[in-house]
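4 protein chains.
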Amino acid sequence: MGLTIGVDIGGTKIAAGVVDEEGSILATCKVPTPDTPEGVVDAIADAVRTVSEGFDVEAVGIGAAGYVDDKRATVLFAPNINWRHEALKDKVEQRVGLPVVVENDANAAAWGEYRFGAGQGHDDVICITLGTGLGGGIIIGNKLRRGRFGVAAEFGHIRVVPDGLLCGCGSQGCWEQYASGRALVRYAKQRAHATPENAEILLSLGDGTPEGIEGKHISDAARQGDPVAIDSFRELARWAGAGLADLASLFDPSAFIVGGGVSDEGDLVLDPIRKSFRRWLVGGQWRPHAQVLAAQLGGKAGLVGAADLARQG
Amino acid sequence: MGLTIGVDIGGTKIAAGVVDEEGSILATCKVPTPDTPEGVVDAIADAVRTVSEGFDVEAVGIGAAGYVDDKRATVLFAPNINWRHEALKDKVEQRVGLPVVVENDANAAAWGEYRFGAGQGHDDVICITLGTGLGGGIIIGNKLRRGRFGVAAEFGHIRVVPDGLLCGCGSQGCWEQYASGRALVRYAKQRAHATPENAEILLSLGDGTPEGIEGKHISDAARQGDPVAIDSFRELARWAGAGLADLASLFDPSAFIVGGGVSDEGDLVLDPIRKSFRRWLVGGQWRPHAQVLAAQLGGKAGLVGAADLARQG
Amino acid sequence: MGLTIGVDIGGTKIAAGVVDEEGSILATCKVPTPDTPEGVVDAIADAVRTVSEGFDVEAVGIGAAGYVDDKRATVLFAPNINWRHEALKDKVEQRVGLPVVVENDANAAAWGEYRFGAGQGHDDVICITLGTGLGGGIIIGNKLRRGRFGVAAEFGHIRVVPDGLLCGCGSQGCWEQYASGRALVRYAKQRAHATPENAEILLSLGDGTPEGIEGKHISDAARQGDPVAIDSFRELARWAGAGLADLASLFDPSAFIVGGGVSDEGDLVLDPIRKSFRRWLVGGQWRPHAQVLAAQLGGKAGLVGAADLARQG
Amino acid sequence: MGLTIGVDIGGTKIAAGVVDEEGSILATCKVPTPDTPEGVVDAIADAVRTVSEGFDVEAVGIGAAGYVDDKRATVLFAPNINWRHEALKDKVEQRVGLPVVVENDANAAAWGEYRFGAGQGHDDVICITLGTGLGGGIIIGNKLRRGRFGVAAEFGHIRVVPDGLLCGCGSQGCWEQYASGRALVRYAKQRAHATPENAEILLSLGDGTPEGIEGKHISDAARQGDPVAIDSFRELARWAGAGLADLASLFDPSAFIVGGGVSDEGDLVLDPIRKSFRRWLVGGQWRPHAQVLAAQLGGKAGLVGAADLARQG
């Protein structure tokens, strides 16, 4: 099979791209994400038609946040779009006349990194995506593992603190409340509030108040040596690394890949994650250690991964 | 392949059995577990020779507590026997003249249940063994998943309480400190100490003191309605069920199998585990629920599983 | 001194009452709580004038939620009214021409119970108020202990869960997030959501959905045997009792008094609190145990206590 | 009253000293702590007689670890000596012919610091002693507050981690498991084990292994910049400061005094404690902040405090 299309459905934009067998993106287009479920289906179809012009494409892979069933056809539940048991595969196939595969977006990104990014050469890889929330994907024996019902690898919702922070999922103490971009901002706000004298750089980058702190301010301030910003990254890393140690006890992969916006900071965040991972890895002296690698494809991992999954059929 | 031998190395006894393709045990023998690493190797070889007399056996599978490498040949670390990078496969093969496979004991038990017990008919099964500690095994796509380095499925050592109880592994807050036979006894002792008037039956079964409480007393007392015994099982179930919910978020299997001595109590412990599982299952209303099943093979699961893994080669 | 006036400033209503030396209320009036800080001052003055008509009153005691300074004159911070360093004593004295004492409302309620309610005869009493939040007061050596700066006894904001639930105070894991009327409702909603079949009575009392559950439904349902309602009270009691055990380690009083709306349920909630208290009381076998008593004055404790504190001057 | 004697009963030595009204020690003697309860009584009497020779002393104050009753006469329970309801006051009075006051050792030390050390000039002071464990004392309104039954101020055993570390007291998650000399050593061992490359200085001061790390090594290594030693102090400080913030919510003192062996390190440990205290202090922007002061009397605080309490009668 030659060219396929990957579609990445984000909260504000839908991106579609033509991808070849090497994972290279030959053409892309973006459209705003409509408000209604049906509107999104139309927008996907439009984007696919637009981007495929002039290319001979054979299949479409769609990455969407939420639960996708084991047939990779139906979105059982999406947190951002009002899809409930939405037969997305059928609807898009009818509109574009190509075979469609639907995949959870973090699974698609994990597959992209495994095939064309940091995971190349590994058979058993766990990817985590530290974005606004925390998602991930599981590759075991060179296959994406989706679970019996299609909803495996919901890493963000394992409970790391009993009676901990409320989560949008309805549970408490979920990992993504402690290791995610949103958590990072919370850490910085709390610390800047308690000890503003240690957050002068950080506060100067925003509107001067703890409430005005945004994610990009924390990265910039940490690079400039702001103590609160650095400490906030460390706190995030403590939780991320401890969670990876748990995943090592469970999956024992040869590599972890850390992606998502937070990972764009590279070793600023990866080094403390590695340190925390080693600190909490059980039996660390008796076992080979998995590598903790930075993702390589950035925001394109999901699109490229979805396209490749469509190619595999 | 016809008959194989399974060997189960326990802390006090080594059991060997001849097992056929249906998982039936045709003959068994037991010997005490020697004190020295070399002594254990000899004892295994003796047991294999003894039990195989009169049978035409083709391979040997050994289940041992600890880390076993990905070649299923070397015990990297055993908690109970002083094995450190012990080339168990080679040593036993030299002595018995048969191909040998070494497997983690909880993995072997999981495989036994999957093949011949509660897991039959399922492709994706997670087994947990609530014994003195907490172990388990992962079957995905009808294969035992051992991880890249052979040490996956160490369920007992995921961290469920930050800064929690010390664990023999050197970490803190490990799941097996909260969901295991040892935890059950601790729960009962603490409660009997604080409110002896609610533990009259329980205390009467032992020596009358909280310190004298043993696991079997708790089961008996719970059946007779002892409030402390019942509450202790509930506490165990709370932690077990919440952990299964985490494993569902990660693995999304079609079934969980709960084995080990604690599970011998059947629905006394399984019903509260199921309740807690449902309470903490994330996205429970949008996804099919995994079944939570009682193991069926009891203490023989490991021996039968090891024999079958040897048959598979 | 003869008669004094107590004023209780609530979120929706301001109550004023004429109280005699025995703690009896001779007359009362209620007015709605105005929106503006200045409006509240006016309303207090009006209520005092209205209720004192025909009585010879000598002083006014005001109970207000928030931090009150050690001179009992200034409200440093109020959570519900926009008072920030509000000189409440001076402002009301100017309007009503009587000496005024300002006190934290939970302190006032504690004093009321100590003088005329469940605490009579005790020299060292700790009161906790399980209302929407969790407050309390400290009596040691027959004196109300307000701390050096007036802000002692903020029981609701000790941290009982590291990295726990966010609190309105900006911290995390505060006791009132786990032991309060608001917590009770959260427990019931979570449980009714996860296992609606165990919450049939509870759900039938509201609008049929977990979201529609209110505090009064939980009490009624618990009395009718609803498993989720009973379990929710138990969870609240677990946290309340464990916290009392901490307070016993710190203060070693002869009695705890439990007040607030939640305590109106009497032994339904007090018995499990006592059980949990005993479970967690450190050194319980070597020390006399404090009693855990139900408050006796209900919603009038604050008004009566404030009046009596004004009498004491 | 002129001179009194203070006695400090330690696990290995009993120290007695003649103390004047200014808190100056005029003479001291030390004897080993005998093994038997009765032997300790004899040794106390001998030490008192020996040290008082040539002085006109009027009373004896004894500081002992454990629960002391509200009459300051009977040791209800001592963790280190097998005293259970030991009538220590009577027994020593009969032997030495002087009035005797028995006090909890941490209370005595708190009183010493309040009268002659860091607490001078404060009316409301909370002392914590970070020794092997964590103890403390409460001064409110210039009086030592012992609770109704004499066992107040057991700070070490408030629960700061639900389901946390086992404590010698039988409970779990006690503060002293996280903030004490013993905790500090555990932090250092765990970290040196996980990341020995960050503990080179620390390991070089002991026997080269994590197991060989002792408290004094950690202080020395921290001063020399060893990352693991510094991080261990920070972890201790995190827990100590968060606990002080809780005590501020409860007691609202004007000062905290931090004593015990850990505090000998001065600002190395006090600065991070102050930082953590500020981080977790609830309502910090609306209230005056208590000072966090280093104890001044070192190991003599208990002896001097006991002597002064005897003087006060």
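Protein chains in written order, with our numbering: chain A, 1 to 313; chain B, 1 to 313; chain C, 1 to 313; chain D, 1 to 313.
Virtual Cβ for every residue (Gly too), placed ideally from N, Cα, C.
For T195(C), the nearest beta carbon of chain B is closer than 9 Å to its own beta carbon. The beta-carbon distance between V161(A) and G173(A), rounded to whole angstroms, is 4 Å. This is short enough to meet the 8 Å contact definition. Put simply, the stretch 293–303 of chain C touches the stretch 256–271 of chain C. At least three CB pairs are less than 8 Å apart. When the beta-carbon positions are compared, F155(A) and L247(A) come within less than 9 Å of each other. The alpha-carbon of P227(C) is positioned some 52 Å away from that of E58(C).
By a beta-carbon distance limit of 8 Å, V125(D) does not contact A45(D). Their separation comes to about 33 Å.
Nearest Cα to P32(C) within the set V41(C), S24(C) and L26(C): V41(C). Taking one beta carbon from each stretch, the stretch 61–69 of chain C and the stretch 102–122 of chain C have 3 or more pairs nearer than 8 Å; the two touch.
Counting only residues of its own chain and dropping the five nearest sequence neighbours on each side, I139(D) has a CB closer than 6 Å to the CB of Y114 and V125. C169 and S171: these are the residues of the stretch 165–185 of chain D whose beta carbon lies less than 7 Å from some beta carbon of chain C, given in chain order. The count of Cβ pairs closer than 8 Å, one atom from the stretch 73–85 of chain D and one from the stretch 262–272 of chain D, stays below three, leaving the stretches out of contact. Spatial neighbours of G133(C) in its own chain (CB-CB distance under 6 Å, excluding positions within 5 residues in sequence) are listed in chain order as G156, E176 and S180.
Comparing alpha-carbon positions, the option among S219(C), G302(C) and L309(C) lying closest to D267(C) turns out to be S219(C). At a cut-off of 9 Å between beta carbons, G284(A) contacts chain D. Buried is the label assigned to D8(D), since at least 16 other Cβ atoms lie within 10 Å of its Cβ. The alpha carbon of P196(A) has as its nearest neighbour, out of K143(D), V96(D) and R279(D), the alpha carbon of R279(D). Between the stretch 23–32 of chain D and the stretch 230–249 of chain C there are fewer than three inter-stretch CB-CB distances shorter than 8 Å, so the stretches are not counted as touching.
Shown here, F55(A) sits in coil according to DSSP, grouped into three states, outside any helix or strand. D8(D) carries a strand assignment under DSSP once its states are collapsed to helix, strand and coil. For W83(D), no Cβ of chain A is located within less than 9 Å of the residue's own Cβ.
In this structure, P253(C) sits near R148(D), with a CB-CB distance shorter than 9 Å.
In the DSSP assignment, R84(B) falls within the beta strand (DSSP E) that extends over R84 to E86. Using a CB distance cut-off of 9 Å, E154(A) counts as an interface residue toward chain B. As computed with DSSP, R278(B) is found in no beta bridge at all. In this structure, the alpha-carbon of G119(A) lies about 14 Å from that of V304(A). As the crow flies, the alpha-carbon of A222(C) is around 5 Å from that of I230(C). Residue state for F256(C) is assigned as strand, using DSSP reduced to three classes.
Closer than 9 Å to the CB of R311(C) there is not a single CB belonging to chain B. In the three-state scheme derived from DSSP, where H, G and I count as helix and E and B as strand, T28(C) is classed as strand. Inter-residue distance for L130(D) and G150(C) is about 27 Å (C-alpha atoms, whole angstroms). Under the three-state reduction of DSSP, A16(C) is assigned to strand. When CB distances to chain D are screened at a threshold of 7 Å, not a single residue of the stretch 96–108 of chain C falls below it.
Contact between S276(B) and G241(B) holds: their C-beta atoms lie close to 2 Å from each other, under 8 Å. Taking a 10 Å sphere around the C-beta of K89(B), we find 16 or more other C-beta atoms and assign the residue as buried. Around E22(A), the same chain offers no residue with a beta carbon nearer than 6 Å, after the five sequence neighbours per side are excluded.
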